[in-house]
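With the first letter of the sequence shown counted as 1, position 68 gets the number 68 in this note's numbering; the numbers rise by one all the way through.
We put the CB at the ideal spot given by N, CA and C, even for glycine.
These numbers come from a predicted model, not from an experiment.
Note sheet for the following structure.
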Amino acid sequence: MKRTVLDVEAFISMLEVGGNRLSENAEYVNSLNVFPVPDGDTGTNMNLTYTSGIERVIKQHSDTVGEVGEDLAKGLLMGARGNSGVILSQLFRGFGKAIEGKTTIEAKDLANAFQRGIDTAVKAVMKPVEGTILTVARDSAAAGMQKAEETDDIIEVMTAVLKEAETSLENTPNLLPVLKEVGVVDSGGQGLVYIYHGFLESLTGESFPVKSADPNKANVTELAHQENFFNTSHSVTSEDIQYGYCTEIMVKIGEGETVTETFDYDTFRDYLDGIGDSLLVVADDEIVKVHVHTETPGVVMNYGQKFGSLVKIKVDNMRLQHDDILEGKGSNQTASAPAVERTNLAIIAVAAGEGIENLFKDMGVKCIISGGQTMNPSTNDILDAIDEANADNVIILPNNKNIIMAANQAVEVSETPAAVVETKYISQGLTAMLGYNPDGTLEDNKAAMVAELANVTSGQVTVAVRDTTVDGLEIHKDHYMGIIDGKIVSEDADLVKETINMINQMVDEDKELVTLIFGEETDQATAALVAEAVEAANEDIEVEIVDGGQPVYHFLASVE
């Protein structure tokens, strides 16, 4: 079989099947997280990002390959979540630029698009690291360019791209020592391999095993339900949409008074599969995230409450969206937020937990984006917050290292002048607010807030989700880990002991104040035990206790 030209229908099919492969394996990609903390959401972020791109492609009904590439890039850009999602959006941003204006594409066009993609993505990353998704994308693009010099067969080019992507992925542990130490390949690179696998499968019309970089993972040979994840009809009307509500929920498993059933992934997914389509269910031990198209969003929510509390809900009427697109009105069906007073400067902070949100508001933050670890907001979520802030200038505090790239990407496309203070932790965000002057300029405030970050050391205590070894430290599943400025420094089976140990490592003779923020998994009494021990061991230290209510982290600590 040979294919020398790719028209718009075949191109859309290729993009879709790539999405299918990624969505089917999102949980496995999540499991490749290097650190044993409950934040393994690379697969989720890549999948939601790519899904955003495909959904825009379907809605736009474009007639040329170039227009579809532009639609895909725009959708990924706005839906990008987490660092992996932002990098994926940049890969396809460059890809789309390479095929701009083309009605169809040939083998050299496809190879050039992959090369343009990696060129664009590398420029978007401040310090590219070898052994990541960028390495996989670069090596596979080079293989595609070489093959395109030898043949005009698109299938042969895509085969070369996928083969080299798999080889490069297997080599990532040799390039990034932490991957070898933990015994995994790069998660973002694995996600990209799944997408490329779907591309080739669509081009050949054949299903074949995914070559796994993990010998413990079985090969995947079938598409979910043996059909495409998305409906690609170009003549659909609003009446033709079988399931009219795009419904998303996030459930905190086992929490709340409505819980009547024990969560089982297969049972949960099978039930939702019976009341809709375009289903995505991603879960870990604490959270289950759902995306489904259904006629009964209330049923989805009620079902979710049987397993835990609803911590996020989003419902869009796709029939209204469809009609608005046809009428040229756009597709945003989100209810407008209540008007807020316009100001010269507004601070936007990403945070989770009522207590932490209140802390930021008390310090002058105007708008809170609910999110953080395992709940990374998209570029579009941040842009919506910029609009909601109703200010002439905006500063964003991402408060999580995996949100910084999406925040920077939002700043690039925002019509409102904006800047990012690259806070990696909640404690950094709170400290940065000490430099905030509502009467100052955007530039002066950013400089002052960045300067404050040098005065704080950040600590986090959470539970290990697997046995592993990191930086020579043996870590046991279900033990508590102390993390100081992103580095796991100790672990213990006892929460109080581990928290005391971590804080004592953060304290030195120049420090005076420890702020200890306890989360939803612990309480004031436990925090008091920690505070008492820390003050007893450090004569000049005062500990202030705050009820943060945050998920994931039992304790957040800052030392100043």
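Starting from Gly459, trace the beta strand (DSSP E) both ways and give me its first and last residue. Thr457 to Val463
Among residues of its own chain, excluding the 5 on either side of Glu100, which ones have a beta-carbon nearer than 6 Å to its beta-carbon? Gly66
Have a look at Met363 and Met158 and give me their C-alpha separation to the nearest angstrom. 53 Å
Run through the DSSP bridge pairs and tell me what Gly96 is partnered with. BP columns for Gly96 are empty, so no partner.
For Val514 and Ala351, what's the separation of their Cα atoms in angstroms? 20 Å
Where are the beta strand (DSSP E) runs, 3 residues long or more, that stay fully inside the segment 492-549, in chain order? 513-518 and 542-547
May I ask you to list the residues that DSSP assigns as paired with Leu397? Ala349
Considering only DSSP beta bridges, list what Lys306 is partnered with. DSSP output for Lys306 lists no bridge partner at all.
Tell me the residue span of the alpha helix (DSSP H) that contains Tyr196. Ser187 to Thr204
Cβ pair count under 8 Å reaching 3, the segment 92-109 against the segment 125-142: no
Using CA atoms only, rank isn't needed, just tell me which of Asn45, Thr44, Gly69 and Val470 is closest to Arg56. Gly69
Rounded to the nearest angstrom, what separates Gln190 and Glu341 at their Cα positions? 46 Å
By DSSP, does Ala111 sit in helix, in strand, or in coil? helix
Just grab the DSSP bridge partners of Met1 for me. Bridge partners of Met1: none, in fact.
Sort Ala389, Gly308 and Val311 by Cα distance to Ala346 and report the nearest one. Ala389
Touching by the beta-carbon criterion (3+ pairs, under 8 Å), the segment 353-361 and the segment 376-395: no
With DSSP run on the structure shown, which of helix, strand or coil describes Phe263? coil
At the level of alpha carbons, what is the spacing between Leu169 and Leu48? 22 Å
Is it right to say Met506 is buried, meaning 16 or more other beta carbons lie within 10 angstroms of its own, or is it exposed? buried
For Thr423 and Ser458, the rounded distance between their alpha carbons: 11 Å
Thr120, buried or exposed, once every other Cβ within 10 Å from all chains shown has been counted against 16: buried
Run through the segment 138-195 for me and flag every whole alpha helix (DSSP H) of 4 or more residues, listed as ranges in chain order. 154-175 and 177-182
Classify Ser490 as buried or exposed, calling it buried when 16 or more other Cβ atoms lie within 10 Å of its own Cβ. buried
How many Å lie between Arg483 and Glu156 at the Cα? Inspection of the sequence shows that residue 483 is occupied by Ile rather than by Arg. Cα-Cα distance, rounded: 47 Å.
Determine the burial state of Thr469: buried for a count of at least 16 other Cβ atoms within 10 Å of its Cβ, exposed for fewer. exposed
C-beta contact flag for Ile395 and Val413 at 8 Å: no
Compute the minimum distance between the beta carbon of Tyr553 and the heavy atoms of the ligand COA, and state whether it is under 7 Å. The model on display carries no ligand, and the ligand COA is accordingly not part of it.
Inter-residue spacing [alpha-carbon to alpha-carbon] between Asp523 and Arg466: 25 Å
Judging by CA-CA distance, which residue of Gly304, Glu201 and Gly276 is the nearest neighbour of Glu295? Gly276
Can Tyr553 and Thr462 be called in contact, C-beta distance under 8 Å? yes
Using DSSP's beta-bridge definition, name the partner residues of Asn402. Asn402 is not bridged to any residue.
What do you get for Tyr50, buried or exposed, if any count of 16 or more other CB atoms within 10 angstroms of its CB means buried? buried
What did DSSP end up calling Met481 once you bin it into helix, strand or coil? strand
Chain-order list of residues whose beta-carbon lies under 7 Å from that of Val543 (same chain, five-residue window excluded): Val514, Leu516, Ala531, Val534 and Glu535
Same chain, Cβ closer than 6 Å to Ala224, neighbours up to 5 away in sequence not counted: In this prediction, Ala224 scores a pLDDT of 30, lower than 50, which makes its location untrustworthy; the coordinate-derived value is nonetheless stated afterwards. Once the five neighbours on either side are set aside, the close Cβ partners of Ala224 are Glu24.
What three-state label does DSSP hand Asp63 in the structure shown? coil
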